[in-house]
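Be aware that the sequence shown starts at 0, since it is given in our numbering, and climbs by one per residue. Note that the Cβ used here is the ideal one computed from N, Cα and C, for glycine as well. Note that the structure is predicted; figures quoted are calculated from it, not measured.
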Amino acid sequence: MKWMNKIFFTGLLLGAGFLFCNQSFAADPPPNPPAGGHNLGGNQGAPGAPIDGGLGILLALGAGYAGWKLYKAHQEKKGETVHEE
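Shown next as structure tokens:
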């Protein structure tokens, strides 16, 4: 019964993470300076850093690692050996 509680709370945690994931988006870049100011050459600051690709890769790797750990724990509970590389 403990493993069902683990799975339930893990699912609840993941669900809450997906529910609140919109807060992790990068902020919009700052607005352009007013015309006629000190920035007459058109120099603009660097755009915001893209974090979506790396974040997706990290989430996928974390999910794969968690799945492997769950699989390994399930196999050890059944008494079978799991080959580690």
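I need the DSSP call for residue i, collapsed to helix, strand or coil.
{"i": "residue 27", "result": "coil"}
{"i": "residue 19", "result": "coil"}
{"i": "residue 78", "result": "coil"}
{"i": "residue 3", "result": "helix"}
{"i": "residue 50", "result": "coil"}
Less than 7 Å between C-beta atoms, sequence neighbours within five positions excluded: which residues of the same chain meet that for residue i?
{"i": "residue 30", "result": "none"}
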